[in-house]
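Just so we're aligned, residue 103 is where the sequence shown starts under this note's numbering, counting upward by one. By construction, the Cβ of each residue, glycine as well, lies at the ideal position given by its N, Cα and C atoms. As the structure is a prediction and not an experimental result, all values here were calculated from the model. Working notes, structure below.
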Amino acid sequence: MPVRPLIPAAEIEQAVQELGRRISRDYAGQPLTILGVLTGSIMLVADLMRRIECPHKLGLIQASSYRGTATTAGRLTLDLESLPDLEGRHVLVVDDIFDTGRTLEGVVERLRDSGALSVRTAVLLWKRARTQAALRPDYVAFEIPDVFVVGYGLDFNDEYRHLPDIGEWQPDA
Ligand code: IMP
Ligand code: MG
103 MPVRPLIPAA
113 EIEQAVQELG
123 RRISRDYAGQ
133 PLTILGVLTG
143 SIMLVADLMR
153 RIECPHKLGL
163 IQASSYRGTA
173 TTAGRLTLDL
183 ESLPDLEGRH
193 VLVVDDIFDT
203 GRTLEGVVER
213 LRDSGALSVR
223 TAVLLWKRAR
233 TQAALRPDYV
243 AFEIPDVFVV
253 GYGLDFNDEY
263 RHLPDIGEWQ
273 PDA
């Protein structure tokens, strides 16, 4: 398979556990809603929720701006139809990766009038060198170099999401 190992499942599990610990501490006693960005965040959301000890609600939104390996992010489209009521709640937007940052910046911008008490972001991966947005992610499990990665929810052409490890996509391998 044209995928070079980068972060093994055991390391992901540990990092998600640590992320859960920090979030549990920071939001203890507060009304928290996790807002997962589909589709790439499904694994992280499912694992992270089980590591957050304080009670919380879950919402999911569809965002798409990316096609295949294209390095320039396309136009961001957000489907907020199924957005839950966020009035009076602290919102933590969870996505798989912070690349240019435009997706999460767009989501946060759209939540400005939602009545949320606060809006923060959590990602598994951050390609810091590619950041173009003014926004910075609040919770990050791993910083990675500027390589295209798949696995643990992340896809290439909608495939490879099922891989338990995260690997670097190698088109020529
Ligand atoms: P951003 O808006 O540039 O931060 O891009 C965020 C979205 O692009 C993520 O939610 C991913 O779906 C996708 N993306 C960015 N980098 C990668 C990658 O290396 N592998 C797979 N998807 C990626
Ligand atoms: Mg995504």
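- According to the DSSP assignment, Gln119 belongs to no beta strand (DSSP E) but to the alpha helix (DSSP H) extending over 111-128.
- Excluding the 5 residues flanking it on each side, Arg263 has same chain C-beta neighbours closer than 6 Å at Gly255, Asp257, in chain order.
- Judged by DSSP in its simplified three-state form, Glu155 adopts coil rather than helix or strand.
- Non-local C-beta neighbours of Met145 in its own chain, meaning closer than 7 Å and more than five positions away in sequence, comprise Tyr254, Gly255, ordered along the chain.
- By the criterion of a C-beta distance shorter than 6 Å, Ile125 is surrounded in its chain by Ile154, once the five residues flanking it on both sides are discounted.
- Secondary structure at Ala231: helix, using DSSP grouped into helix, strand and coil.
- C-alpha of Gly217 to C-alpha of Gln272: approximately 44 Å in a straight line.
- Sequence-distant partners of Pro110 (beyond 5 residues in either direction) whose C-beta falls short of 7 Å from its own C-beta, in its chain, are Asp267.
- Using a 10 angstroms sphere on the CB of Arg204, the tally of other CB atoms reaches 16 or more, which defines it as buried.
- Counting along the chain, the unbroken alpha helix (DSSP H) around Thr205 starts and ends at 204-212.
- With a cut-off of 8 Å, the C-beta of Arg232 is classified as near the ligand IMP, since at least one heavy atom of the ligand falls inside that distance.
- Counting only the Cα atoms, Tyr129 lies some 22 Å from Leu227.
- Secondary structure at Leu185: coil, using DSSP grouped into helix, strand and coil.
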